[in-house]
Amino acid sequence: MSDYKTLFKRKSVRKFDKSLSVSEKELADLTAFFENCVPLLPHIATDFRIVKREQTDCRWGQYAILFFSEKKEGYLENIGYMGEQLDLYLAERNLGACWYGMASCEVSAPEGMDFVIVMSFGKSREEDFRKDRSEFQRKDLAKTFEGDASGALLGALEDARFAPSACNSQPWHVTVKEGTLTVSRHSDSPLAKVVKKIPNYFNRIDVGIYLCFLETALTAHGIAFERACTFDGGEAPVRYTLQ
Ligand SMILES: Cc1cc2nc3c(=O)[nH]c(=O)nc-3n(C[C@H](O)[C@H](O)[C@H](O)COP(=O)(O)O)c2cc1C
1 MSDYKTLFKR
11 KSVRKFDKSL
21 SVSEKELADL
31 TAFFENCVPL
41 LPHIATDFRI
51 VKREQTDCRW
61 GQYAILFFSE
71 KKEGYLENIG
81 YMGEQLDLYL
91 AERNLGACWY
101 GMASCEVSAP
111 EGMDFVIVMS
121 FGKSREEDFR
131 KDRSEFQRKD
141 LAKTFEGDAS
151 GALLGALEDA
161 RFAPSACNSQ
171 PWHVTVKEGT
181 LTVSRHSDSP
191 LAKVVKKIPN
201 YFNRIDVGIY
211 LCFLETALTA
221 HGIAFERACT
231 FDGGEAPVRY
241 TLQ
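Residues in the sequence shown are numbered from 1 upward in steps of one, following the numbering used here.
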């Protein structure tokens with residue numbers, strides 16, 4: 001799983017000092033890490049490519065990661081889950097990244113796959129990241145959670161809510177009942193009515209991102225779990241049996 005401390009360090013980095021640059025070694029290590037990204041849905045083929053920012057219409061960052069995937073049920077959640085592992089990997093190494101839903105790239109997708117989304121990144125400094133939880137702007141847990149949680153589980157849920165999301169919409173809802181934790185998608189952001197791509201596209205990626213945060217937090221709090229996903233075109237329910 002991802003590094004727990006980095007959940008509270010990462011942020012969307014959009015400003016870069018042009019005197020800094022990503023080294024060849026950092027690029028090679030990142031490419032090697034692609035292979036270590038754990039999928040949510042292993043039966044869906046994915047591909048990630050690093051290109052220079054100039055090959056995209058991104059407005060910041062030195063490079064961009066292009067995400068491609070087979071278009072199968074749950075592919076957006078799968079890209080969110082895997083891409084967030086990359087976001088956290090980058091932040092851990094002071095490489096500032098930003099999921100970039102509005103960006104596109106004229107690169108042809110690998111056969112059988114579609115272009116999904118871009119993540120821009122560049123070299124940053126430690127001080128470009130968050131130092132304190134008070135720097136996050138997120139909904140209170142009570143707005144996205146119902147059920148019985150205390151102790152370690154409550155701690156994990158408090159941590160997971162720091163996950164990033166498109167327009168900070170935080171479209172996840174968690175229910176805990178009789179040892180089962182259920183995550184569903186609620187696209188209730190006012191922006192979802194204006195930007196049509198938010199509820200059915202970006203918010204599915206957001207749910208995958210949230211699952212990466214949730215699992216990292218559950219593991220760090222010593223809670224073992226088993227996950228079952230049923231992406232059947234509905235509210236994208238994901239169930240965790242807590243042990
Ligand atoms: C799927 C997705 C798409 C996003 N697209 C954009 C974008 O097009 N432009 C942008 O400036 N930020 C974009 N963001 C970044 C969010 O605005 C940001 O994650 C959110 O406001 C929370 O802030 P934080 O990442 O600094 O914690 C996107 C985030 C996600 C998860």
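Built from N, CA and C at the ideal position, the CB exists for glycine as well.
Here the structure is a predicted model, which is why all the values come from computation and not from measurement.
Is the separation between the beta-carbon of residue i and that of residue j shorter than 8 Å?
i       : j       : result
Ala-64  : Cys-105 : yes
Ser-169 : Leu-154 : no
Lys-317 : Leu-20  : The requested residue 317 is not part of the displayed model; the chain covers only 1 to 243.
Thr-182 : Val-174 : yes
Tyr-81  : Cys-212 : yes
Tyr-100 : Cys-58  : yes
Val-176 : Gly-147 : yes
Gln-62  : Val-107 : no
Phe-68  : Ala-109 : yes
Ser-120 : Arg-53  : yes
Arg-10  : Phe-136 : no
Gly-279 : Glu-84  : Any property of residue 279 remains undetermined from this structure, which presents the chain solely from 1 to 243.
Asp-3   : Leu-88  : yes
Gln-243 : Ala-224 : yes
How about residue i: is its Cβ closer than 7 Å to a heavy atom in ligand 1?
i       : result
Trp-172 : no
Pro-164 : yes
Lys-244 : Here the chain comprises residues numbered 1 to 243, so residue 244 is not present and cannot be evaluated.
Phe-202 : yes
Ile-198 : no
Ser-189 : no
Arg-53  : no
Lys-11  : yes
Tyr-100 : yes
Arg-14  : yes
Asp-17  : no
Ile-223 : no
Asp-114 : no
May I ask you to report which of helix, strand or coil DSSP gives residue i?
i       : result
Gly-96  : strand
Thr-175 : strand
Ala-64  : strand
Pro-117 : It is worth fixing the name first, because residue 117 is Ile in this sequence and not Pro. Reduced to three states, the DSSP call for Ile-117 is strand.
Glu-226 : strand
Lys-123 : strand
Leu-7   : helix
Arg-53  : helix
Leu-20  : coil
Among the candidates the options, whose CA atom is the shortest distance from the CA of residue i?
i       : options                            : result
Ser-184 : Tyr-100, Glu-158, Glu-77           : Glu-77
Asn-94  : Val-207, Val-238, Val-22, Asn-200  : Val-22
Ile-50  : Tyr-75, Gly-74, Glu-24, Pro-42     : Glu-24
Arg-133 : Phe-34, Ser-108, Thr-180, Ala-160  : Ala-160
Ala-91  : Glu-215, Thr-241, Arg-14           : Arg-14
Val-116 : Pro-42, Thr-46, Gln-85             : Thr-46
Ala-156 : Phe-16, Pro-199, Pro-171, Leu-218  : Leu-218
Leu-66  : Asp-114, Ala-142, Asp-188, Val-238 : Asp-114
Leu-41  : Arg-239, Lys-18, Pro-237, Cys-229  : Cys-229
Asp-140 : Phe-231, Trp-172, Gly-151          : Trp-172
Is residue i close to chain D, meaning its C-beta is less than 8 Å from at least one C-beta of that chain?
i       : result
Asn-200 : Here there is only one protein chain, and chain D is not present.
What are the complete alpha helix (DSSP H) segments, minimum 4 residues, inside the stretch 69 to 93? 75 to 92
Going residue by residue through the stretch 129 to 174, where are the continuous beta strand (DSSP E) segments of at least 3 residues, counting only ones entirely within it? 145 to 147
For the stretch 25 to 51, list the beta strand (DSSP E) runs that are entirely contained and at least 3 residues long, ordered along the chain. none
Beta strand (DSSP E) runs contained entirely in the stretch 179 to 213, provided each spans 3 or more residues: 180 to 185
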